Each structure stands twice: as structure tokens, then as C-alpha cells.
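Data block below; observations after.
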Amino acid sequence: MGQLIQLFPKKSLDSDSPNLDRNQRIRLNFIETSIKSLHLEELALEQSIQRKCPQEISRLKSLDLKISQLEGEAARILSRQPSSSAS
0 MGQLIQLFPK KSLDSDSPNL DRNQRIRLNF IETSIKSLHL EELALEQSIQ
50 RKCPQEISRL KSLDLKISQL EGEAARILSR QPSSSAS
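Just so we're aligned, residue 0 is where the sequence shown starts under numbering that gives the first Met the number 0, counting upward by one.
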């Protein structure tokens with residue numbers, strides 16, 4: 000469960016669409032605020048889970064790493080095979 004660090008502030012959706020009417024701007028502002036709130040709730044939940052279940056999280060990370068390695072190996076093997084047309 001990696002975390003992204005925002006280096007640059009996000010552009011407001013509002014600034015991308017200057018032709019919005021008042022109601023659309025209000026709705027867009029509400030949506031942006033809701034998204035930010037949900038991101039904060041998601042972060043708090045993730046931190047809570049990390050505190051309560053560190054061993055399980057560690058195990059999940061190791062399983063995810065192993066799955067990724069095996070998927071990469073399978074992709075490399077398949078990419079070396081000559082293409083065969085199915086008749």
C-alpha cells in the first residue's frame with residue numbers, strides 16, 4: 000500500500016472550463032470538495048489498518064511482490080514465443 004506524494008498542486012477542474020454556468024460551478028466545487036474529503040478518509044482508514052494489522056499488511060506486500068515477479072516472468076516467456084495463428 001504505497002502512498003503518492005503530491006509534488007505539484009492539482010489544477011482546479013473549474014479553471015479548465017471557464018464556460019460553466021453558476022450551478023455547474025457550484026456542483027463542480029462540491030464534487031472537488033467531496034473528492035478531497037474522501038481521499039482524506041481513505042488515508043485515515045489506510046493508516047488505521049496499518050496500525051492494527053502490520054503483519055497482515057507485510058504478508059500482503061510480499062505476496063503482491065511475488066505475484067508481480069511471476070507475472071513478469073510469464074510475460075517474458077510469452078514474449079519470446081513465436082506468434083502462432085489459430086486455424
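Quick reminder that beta carbons are idealized off the backbone N, C-alpha and C, glycines included. Bear in mind that the values here come from a model prediction, so they are computed numbers and not experimental data.
Residue i in three-state terms, based on DSSP
i          : result
residue 80 : coil
residue 20 : coil
Whole-number beta carbon distance between residue j and residue i, since they are thought to touch under 8 Å
i          : j          : result
residue 19 : residue 27 : 7 Å
residue 56 : residue 46 : Between residue 46 and residue 56 the Cβ distance is about 11 Å, and since that is not below 8 Å, they are no contact.
Residues near residue i in its chain [Cβ-Cβ closer than 6 Å; skip 5 each side]
i          : result
residue 42 : none
residue 51 : none
Contact test: residue i Cβ vs the ligand GTP heavy atom, cutoff 8 Å
i          : result
residue 36 : Within the structure as shown, the ligand GTP is missing, as the structure has no ligands at all.
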